[in-house]
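Q:
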Amino acid sequence: MTETSSLANATTIYVGYGSNMWKQQVKTRCRTAAYLGIARLPGYRWFIAAQGGANITLGSDDDDEVWGLAYSLQPNDEAELDVIEGVPTHFTKNMIQAQLWEPMAADGTHRADPAQPGRAVGVLVYMSHERIATGKPRAEYVVRMNHAISDALRSGVPLSYIENVLRKWIPEDSVAQAKAQITRIP
Numbered sequence: 001m002t003e004t005s006s007l008a009n010a011t012t013i014y015v016g017y018g019s020n021m022w023k024q025q026v027k028t029r030c031r032t033a034a035y036l037g038i039a040r041l042p043g044y045r046w047f048i049a050a051q052g053g054a055n056i057t058l059g060s061d062d063d064d065e066v067w068g069l070a071y072s073l074q075p076n077d078e079a080e081l082d083v084i085e086g087v088p089t090h091f092t093k094n095m096i097q098a099q100l101w102e103p104m105a106a107d108g109t110h111r112a113d114p115a116q117p118g119r120a121v122g123v124l125v126y127m128s129h130e131r132i133a134t135g136k137p138r139a140e141y142v143v144r145m146n147h148a149i150s151d152a153l154r155s156g157v158p159l160s161y162i163e164n165v166l167r168k169w170i171p172e173d174s175v176a177q178a179k180a181q182i183t184r185i186p
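Numbering (the UniProt record's numbering), first residue to last: 1 to 186.
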């Protein structure tokens, strides 16, 4: 997976809003995927489904929004992701409107700035319209989501979204917390 790519070369723009915000996971799953930037899905709500993984649904509040990382997918990567996501049994493919912010290459961080205007694009998301009962995240999913949250923050997803939405469902990794505590000991 390359770090940046021109939108003109994108076959499908896909937005990962759960563990697929973890760039290494996407690189493993979709070898030719290219990271494009961060995306905002206005009007959607993020939650952990009863099965233990992330899902989104249409929100009921005007300020509902979901943030994720956008990637360009070639047809072979999209087909592989369809299998991984369990299409059509577990998730369905949906094309929706999103705002996209590309990374600011000049600063060398590959970080997007959502304070700047984004651009409207059609994106692919995987969601389940049936699995809308909420639940608790699976332990292995918490680990992957903590990697995803780290990548999302480094990429420019707003900290307020991480704190007010994702952290309501995903606890911080206890191993990382323990390491942080050890490094603080004089």
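In this text, a Cβ means the ideal position worked out from N, Cα and C, and glycines have one as well. None of these values were measured; they are calculated from a predicted model.
Along the chain, where does the alpha helix (DSSP H) that runs through S150 open and close?
A: Here the alpha helix (DSSP H) through S150 covers 139–155.
Q: Can you pull the DSSP bridge partners for I162?
A: For I162, which the question treats as bridged, DSSP gives no partner whatsoever.
Q: If you reduce the DSSP assignment to three classes, tell me which class T134 lands in.
A: DSSP places T134 in strand when its eight states are reduced to three.
Q: Using 10 angstroms around the beta-carbon of R167, count the other beta-carbons present and answer buried if the total reaches 16, otherwise exposed.
A: It is exposed - the Cβ of R167 has fewer than 16 other Cβ atoms within 10 Å.
Q: So who's on the other strand from M127, going by DSSP bridges?
A: Answer is T92, bridged to M127.
Q: Would you mind working out which of Q97, S19, Y35, A112 sits nearest I84, comparing C-alpha positions?
A: For I84, the nearest C-alpha among the options comes from S19.
Q: Do A39 and V15 come within 7 Å of each other at the CB atom, strictly closer than that value?
A: Cβ distance < 7 Å, so V15 and A39 count as in contact.
Q: Excluding the 5 residues preceding and the 5 following residue 204 in the sequence, name in chain order all residues of the same chain whose CB lies nearer than 8 Å to its CB.
A: Nothing about residue 204 can be reported from this structure: the residues present for the chain run from 1 to 186 only.
Q: Name, in chain order, the residues that DSSP records as bridge partners for Y17.
A: Per DSSP, none; premise fails for Y17.
Q: Would you call the CB atoms of L100 and V121 closer than 7 Å?
A: For L100 and V121, yes; Cβs fall inside 7 Å.
Q: Using DSSP's beta-bridge definition, name the partner residues of P42.
A: BP columns for P42 point to E65.
Q: What whole-angstrom Cβ distance do D173 and K23 have, given they're in contact under 8 Å?
A: Not confirmed; about 17 Å, so no contact.
Q: Cutting at 7 Å between CB atoms, please list the residues of its own chain near P103, excluding the five before and the five after it.
A: T4, G37, H110, R111, A112.
Q: For R154, collect the residues of the same chain with a Cβ closer than 7 Å to its Cβ; drop the 5 residues on either side in sequence, then sort them by chain order.
A: Here the set comprises R111.
Q: How many Å lie between E78 and V123 at the Cα?
A: Approximately 12 Å between the Cα atoms of the pair.
Q: Inspect the beta-carbon positions of I56 and M127 and report whether they are closer than 7 Å.
A: Yes. Within cutoff.
Q: Measure the C-alpha to C-alpha separation of T2 and R131 and round it to an integer number of angstroms.
A: Confidence in T2 is poor, its pLDDT being 49 and thus under 50, which makes the residue's placement too unreliable to answer from.
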